[in-house]
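**Student:** In my numbering, the protein residues as written are 3 to 73.
1. Using CA coordinates, which residue listed in 68, 8, 9, 19 is at the minimum distance from residue 53?
2. Hey, out of 12, 70, 59, 26, whose CA is closest to residue 43's CA?
3. Buried or exposed, going by whether 16 or more other CB atoms sit within 10 Å of the CB of residue 68?
4. How long is the line joining the alpha carbons of residue 8 and residue 58, rounded to whole angstroms?
5. Beta-carbon of residue 39 versus every beta-carbon of chain B: anything under 8 Å?
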């Protein structure tokens, strides 16, 4: 796997996952990380939208997850 790109072109990352999830019904105070388990197709579809829009990199839907929050 290589991460090299044309040095004259910027690498475009995905956008605001939280905003996209809220547009799809995630309530304020909801746990977006849980959707990785309960609705992985929703997460996949958002990543695909960003890729279709031309981004080069999508980031994991992990927000502020850590061991303590996950318990």
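C-beta atoms are modelled at their ideal positions from N, C-alpha and C, and glycine is treated no differently.
**Tutor:** Straight from the coordinates:
1. 19
2. 26
3. exposed
4. 12 Å
5. This model lacks chain B altogether; it includes just one protein chain.
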